Amino acid sequence: MAEYKKAPARGLNRIKALRRVLVNAKRLFYVRVMGMDLHPTVEFSLSAKFDMTYPKGVHVGAHSYVAFEVKILTHDRTRGLYTHTRIGENCFIGGRSMILPGVEIGDGSVVGAGSVVTKSVPPGSVVAGNPAKILRSGIKVEAYGRFPEADATESALVEQGDL
Amino acid sequence: MAEYKKAPARGLNRIKALRRVLVNAKRLFYVRVMGMDLHPTVEFSLSAKFDMTYPKGVHVGAHSYVAFEVKILTHDRTRGLYTHTRIGENCFIGGRSMILPGVEIGDGSVVGAGSVVTKSVPPGSVVAGNPAKILRSGIKVEAYGRFPEADATESALVEQGDL
Amino acid sequence: MAEYKKAPARGLNRIKALRRVLVNAKRLFYVRVMGMDLHPTVEFSLSAKFDMTYPKGVHVGAHSYVAFEVKILTHDRTRGLYTHTRIGENCFIGGRSMILPGVEIGDGSVVGAGSVVTKSVPPGSVVAGNPAKILRSGIKVEAYGRFPEADATESALVEQGDL
Chain S
1 MAEYKKAPAR GLNRIKALRR VLVNAKRLFY VRVMGMDLHP TVEFSLSAKF
51 DMTYPKGVHV GAHSYVAFEV KILTHDRTRG LYTHTRIGEN CFIGGRSMIL
101 PGVEIGDGSV VGAGSVVTKS VPPGSVVAGN PAKILRSGIK VEAYGRFPEA
151 DATESALVEQ GDL
Chain V
164 MAEYKKAPAR GLNRIKALRR VLVNAKRLFY VRVMGMDLHP TVEFSLSAKF
214 DMTYPKGVHV GAHSYVAFEV KILTHDRTRG LYTHTRIGEN CFIGGRSMIL
264 PGVEIGDGSV VGAGSVVTKS VPPGSVVAGN PAKILRSGIK VEAYGRFPEA
314 DATESALVEQ GDL
Chain W
327 MAEYKKAPAR GLNRIKALRR VLVNAKRLFY VRVMGMDLHP TVEFSLSAKF
377 DMTYPKGVHV GAHSYVAFEV KILTHDRTRG LYTHTRIGEN CFIGGRSMIL
427 PGVEIGDGSV VGAGSVVTKS VPPGSVVAGN PAKILRSGIK VEAYGRFPEA
477 DATESALVEQ GDL
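In structure tokens, the structure reads:
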């Protein structure tokens, strides 16, 4: 049983190393081949998809995190529109959310999981829902949209033996 | 043409048997390797995804059904939060819905397709939307969140030759 | 560097040709094998999924476009319901939206990306959100739900050298 328990940890580390290689390959492809504007510090899930129809419209700023299954769109077939969609610095774009063409997400904003963002978002906002609405304004976050108390919360969980 | 029509039925049966094997393998992996708390009677789609970042926070009760592309989340990077998300017994979690970290879905509740559930849901509720809202309360459902009239409705369709 | 730049264009053309073959194969499978009612002029993304549980309930009219990850549903397990879901002619069904069982989308309507359409939509409407609401009525669109000004918008972008 003890061996059985150790196995996933080793396995997960290998998966993490492989994931890192794949994320870097995807970033290289998006930036060098497709011409997207992704800061080298941007982190994203492998399942996040940036619009390949008008790739030069995709902009993501430094220390922003794009979570699983996010879709950043830069074109709209119904209107013949090909435009620029911008995510600022220190943002967190929650899993499975969609950023519609032409939207700008201000620096230090957090988009809740599953949101559909149809309008631009001022810096330091939390938005969520479909259509996304502003839930909080004037927030202060650190790199990757992390709230200042996040490290303390996580450390407490580790101390309790929960992580 | 007759042969042509029989082919999908045979094919579908083989696919169903294969699906059963894969679902059981996935359940075993989630429970034995990852440490999730899934009752052995839980049914889920192969495309449903339970949070692998904090797997011991995932709880799904007896005779609940988790449909296609559902995401059950137990962590929030922005807040450093790793917590418990609970789905009761006899629930139906509709396709492509997301259950956010910390949410509890009461026994015998139904979550509509595509919902994003941000708050806990009392037993016997129907919720839907993003953010999900309560549409009905005090409902009575059977195993897998099935309404009592469902069997009669389905039988009538079979009699009409529609199924 | 020049060669490097030409590569994606050649690559994309091959991908487009391959995509065409795959779309036609998928259409043939859906119509001939599964018995869905898709007009031969319907265009759809390879990631769009039409309900395989009750395939004969799927109807999509001439010159309609079904974008990425759309899900058209014709059954509801909780109610034992297997029914007909109809998309009219000249519609555009935006990426990742879900059309729930029994819904009818009128001719020349546009469904915004990420919508969950729970009620029938009159012809010539724009709907979006979860649940989807009517944003505009009485619109006039051309084939594939394209607005009349779309061609001019696109041509202007080409002239500016943006496309």
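Protein chains in written order, with my numbering: chain S, 1 to 163; chain V, 164 to 326; chain W, 327 to 489.
Beta carbons: idealized from backbone N, C-alpha and C, even for Gly.
Model, not experiment: these values are computed from the prediction.
For S:R136, the nearest beta carbon of chain V is not closer than 8 Å to its own beta carbon. In this model, V:T246 and W:L348 are separated by some 43 Å (Cα to Cα). Taking every protein chain shown into account, the CB of S:S64 has 16 or more other CB atoms within 10 angstroms, so this residue is buried. Under the three-state reduction of DSSP, V:F255 is assigned to strand. Annotated as proximal: S:G88 and S:I105, with beta-carbon spacing under 8 Å. From the beta-carbon of V:V279, the residues of chain S found nearer than 9 Å are R96, G112, A113, G114, S115, A128, G129 and N130. Residues of the region 367–393 of chain W whose Cβ lies closer than 8 Å to any Cβ of chain S, in chain order: Y391 and A393.
Contact of S:G145 with chain W by beta-carbon distance below 9 Å is absent, the smallest such distance being about 21 Å.
According to DSSP, S:A128 shares a beta bridge with S:K133. Burial check for W:K375: the Cβ neighbour count within 10 Å reaches 16 or more, so the residue is buried. Counting along the chain, S:V31 sits inside no alpha helix (DSSP H), nor does DSSP assign it H or E at all. Listed as beta-bridge partners of V:E267 by DSSP are V:R249. Membership of S:V158 in any beta strand (DSSP E) is not indicated; the residue belongs instead to the alpha helix (DSSP H) covering A150 to E159. Contact between W:S463 and W:G450 is confirmed by a C-beta separation of about 7 Å, below the 8 Å threshold. For a Cβ distance threshold of 9 Å, residue set F231, E232, G258, R259, A276 and G277 of chain V lies close to W:K397, ordered along the chain. If you ignore the 5 residues before and after S:F44, its C-beta comes within less than 6 Å of the C-beta of V66, all in its own chain and listed in chain order.
Annotated as distal: S:V117 and S:G145, with beta-carbon spacing of 8 Å or more.
Contact between S:V141 and S:N90 holds, with the beta-carbon distance rounding to 6 Å and staying under 8 Å. With a threshold of 16 other beta carbon atoms within 10 Å, W:F418 meets it and is buried.
Nearest CB-CB separation between W:F355 and chain S: not below the 8 Å threshold.
Counting other Cβ atoms within 10 Å of its Cβ, W:N456 reaches 16 or more and is therefore classed as buried. Relative to the Cα of V:D314, the nearest Cα in the group W:R336, W:P366 and W:L407 belongs to W:L407. Between V:R242 and chain S, the shortest Cβ-Cβ separation is below 8 Å. From the beta-carbon of V:L263, the residues of chain S found nearer than 9 Å are G112, A113 and G114. For V:Y307, the three-state secondary structure derived from DSSP is helix. Closer than 8 Å to the CB of V:E317 there is at least one CB belonging to chain W.
In this chain, the beta strand (DSSP E) harbouring S:V60 covers V58 to V60. The three-state secondary structure of V:I262, taken from DSSP, is strand. A direct Cα-to-Cα measurement between W:V484 and S:I99 gives close to 24 Å.
For W:A476, the C-beta contacts it makes with chain S under 9 Å involve D76, R77, T78, R79, G80 and L81, in order along the chain.
Around W:T367, the same chain offers A388 and H389 as residues with beta carbons nearer than 7 Å, after the five sequence neighbours per side are excluded. Here the C-alpha atom of W:M360 lies approximately 11 Å from the C-alpha atom of V:L175.
Around the beta carbon of S:R14, a 10 Å sphere encloses fewer than 16 other beta carbons of the protein chains shown; the residue is thus reported as exposed. Within chain W, no C-beta atom comes less than 9 Å from the C-beta of V:L185; the nearest is roughly 16 Å away.
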